[in-house]
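Student:
In the numbering used here, the protein residues as written are 851 to 1320.
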């Protein structure tokens, strides 16, 4: 790897992690694109998960490129890994500036800098505006006051200061991802959800924000509740480029709210037809169930959609209401049947162990998942994510204090509702998984979609981790 000028090197890092799926990190991609627009050409994205790096391997990479700035993307479950990685950065060169951002920092803000003592700066919310400004101050001695940098968290004497976050209104202004820094074909066939039809796969984002108020979800904490859109032409131009220049055959649209406006969905699908794009696409983060109708489903299927994930969460109406899902069990079943009738394959997200949930509620969820015509189901233990409404209530009630950040991972059990032990909750999660998947129809369909021995190994590793880790 050769660089024109090491003194201006900026390294953006996906940290060492026990997560299973590996996809191009488009959050870091947008930051890299913003830095390039600001004239910072020497930007590198290091995906430690993709590269299979150990901490010694990470140290060796730093020794080779000698970055001036290192930025870490942090999810809560990677907290300990990031702390150790930052220690390595500072051991090699204490003058290297360390930045932290991502979902965990957006949710915890000043607390993140308090707890990660060797980090120099943090960003809350969207960093595409603020990061080039900070880089200009650090690398070019530009006279930009820290208090003028949107979303910045920094240390001043013995206190930590935090600027107001600013969301990007014109998403088209962010440009395309710098795909040369993260070519889709260089990633393993191990996407979110585990399965796919065509390779290479590229994740793509067409919106930011979510107007709904689900109590457990961190989307509003990170991106806000105002829904913002890329133009359809801008999205399709990037997809055409990825198809032609990188051979991408499948797109994973990772929006939290892709189908909020029916007209936009139709515009997207018509654009695929007009451009004769030979692709498949799916929605690993989910679609909003109550927005789906047969007309929408058919045109999506006709243009390459093949599988949808939907947020069902519970088989108890009482718990759905507590979550502020705005759904009924009857509507869920109706829409899942509709998806099947359109010739598409629905999968469902479910949460086990939500606050005030009982064993009877969990049993109702397991039975509901089995009754629905779902291809796959993901049973996650409830995670008290920082910044969410339900986590704030649990803290107010004295049920939790500061979580062990490393336990906020879907296979672990960081919390159990009153009357249920954590061991019991893990057994219920395991039972849900086994009862759902060890049915001939489900199991045979799943096995038929295995692409290779390597793919099978990855799926088995996920399953074992899911069943026995926690």
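Just so it is clear, CB atoms sit at the ideal spot from N, CA and C, and this is done for glycine as well.
Looking only at its own chain, which residues have a Cβ that is under 6 Å from the Cβ of residue 878, when we skip the five neighbours before and after it?
Tutor: Excluding sequence neighbours, residue 878 sits near 862, 895, 923.
Student: According to the neighbour-count rule (16 or more other Cβ atoms, all chains shown, within 10 Å of its Cβ), is residue 1234 buried or exposed?
Tutor: Buried: at least 16 other Cβ atoms inside 10 Å.
Student: With DSSP collapsed to three states, give me the class of residue 881.
Tutor: Residue 881 falls in the helix class under three-state DSSP.
Student: Check whether the Cβ atoms of residue 999 and residue 959 lie closer than 8 Å to each other.
Tutor: Going by C-beta atoms, residue 999 is not nearer than 8 Å to residue 959.
Student: Does DSSP classify residue 1178 as helix, strand or coil?
Tutor: Reduced to three states, the DSSP call for residue 1178 is coil.
Student: Starting from the Cα of residue 1169, find the closest Cα among 1066, 1256, 988, 1092 and give me that residue.
Tutor: The residue with the shortest Cα to Cα distance from residue 1169 is 1066.
Student: Quick check on this structure: which residue in 872, 1292, 1185 has the alpha carbon closest to the alpha carbon of residue 899?
Tutor: Measuring from the Cα of residue 899, the nearest candidate turns out to be 872.
Student: With 16 as the cutoff for other CB atoms within 10 Å, does residue 1302 come out buried or exposed?
Tutor: Burial call: exposed.
Student: Check whether chain C comes within 8 Å of residue 1123, counting only Cβ atoms and requiring the distance to be less than that.
Tutor: Protein chain content of the structure displayed is limited to a single chain, and chain C is not contained in it.
Student: Measure the CB-CB distance between residue 926 and residue 1134 and report whether it falls below 8 Å.
Tutor: No, the pair does not count as a contact, with Cβ atoms beyond the cut-off.
Student: If we ignore side chains and look at the alpha-carbon of each, how far apart do residue 947 and residue 989 end up?
Tutor: Going from the Cα of residue 947 to the Cα of residue 989 covers about 10 Å.
Student: Have a look at residue 1316 and residue 1293 and give me their C-alpha separation to the nearest angstrom.
Tutor: Residue 1316 and residue 1293: Cα-Cα distance of roughly 16 Å.
Student: In the DSSP assignment, the beta strand (DSSP E) including residue 1012 goes from what residue to what residue?
Tutor: Start and end: 1009-1012.
Student: Identify which residue in 1196, 1232, 1083, 1240 has its Cα closest to the Cα of residue 1071.
Tutor: For residue 1071, the nearest C-alpha among the options comes from 1240.
Student: Among residues of its own chain, excluding the 5 on either side of residue 1263, which ones have a beta-carbon nearer than 6 Å to its beta-carbon?
Tutor: Taken in chain order, the residues that qualify are 1231, 1272, 1275, 1276, 1320.
Student: List the whole-angstrom C-beta distance separating residue 1287 from residue 1297, where the pair is believed to meet the contact cut-off of C-beta under 8 Å.
Tutor: Their Cβ separation, rounded to whole angstroms, is 11 Å, which puts residue 1287 and residue 1297 out of contact at 8 Å.
Student: Please specify which runs of the alpha helix (DSSP H), each continuous and at least 4 residues long, are wholly inside the region 926-994, giving them in chain order.
Tutor: Whole alpha helix (DSSP H) segments, 4+ residues: 929-942, 953-958, 960-965, 980-990.
Student: Measure the beta-carbon distance from residue 1299 to residue 1049 and round it to whole angstroms, keeping in mind my assumption that it falls under 8 Å.
Tutor: Not a contact, Cβ separation roughly 13 Å.
Student: Apply the 10 Å Cβ neighbour rule to residue 1175 and answer buried if 16 or more other Cβ atoms are within range, or exposed otherwise.
Tutor: When all chains shown are included, residue 1175 counts as buried.
Student: Name the residue from 1226, 941, 1249, 1309 whose alpha carbon lies nearest to the alpha carbon of residue 1291.
Tutor: With distances taken between Cα atoms, residue 1291 lies closest to 1226.
Student: Only counting the same chain, and skipping five residues up and downstream in sequence, which positions put a Cβ closer than 7 Å to that of residue 1039?
Tutor: Within the same chain, residue 1039 has close Cβ partners 1046, 1049, 1301, 1305.
Student: Buried or exposed: residue 1331, going by 16 or more other Cβ atoms within 10 Å of its Cβ?
Tutor: Beyond the ends of the chain as shown, which are 851 and 1320, falls residue 1331; an answer cannot be given.
Student: Less than 7 Å between C-beta atoms, sequence neighbours within five positions excluded: which residues of the same chain meet that for residue 1182?
Tutor: Cβ within range, chain order: 1139, 1162.
Student: Rounding to the nearest angstrom, what Cα-Cα distance links residue 1081 and residue 1022 in this structure?
Tutor: Whole-angstrom Cα-Cα distance: 7 Å.
Student: In the DSSP assignment, what are the bridge partners of residue 923?
Tutor: Beta-bridge pairing links residue 923 to 951.
Student: Please list, in chain order, all residues of the same chain as residue 884 whose beta carbon is under 8 Å from its beta carbon, the five residues on each side excluded.
Tutor: Answer for residue 884: 977, 978, 979, 981, 982, 1024, listed in chain order.
Student: Would residue 917 be called buried (16 or more neighbouring beta carbons within 10 Å of its own) or exposed?
Tutor: Buried.
Student: Assign residue 1109 to buried or exposed, taking buried as 16 or more other Cβ atoms, counted over all protein chains shown, within 10 Å of its Cβ.
Tutor: Classification of residue 1109: buried, given that the 10 Å Cβ count is 16 or more.
Student: Please state the DSSP three-state secondary structure of residue 1157.
Tutor: Strand, per DSSP.
Student: Can you give me the Cβ contacts of residue 1120 inside the same chain, cut-off strictly under 7 Å, excluding the 5 residues immediately before and after it?
Tutor: Hits under 7 Å: none found.
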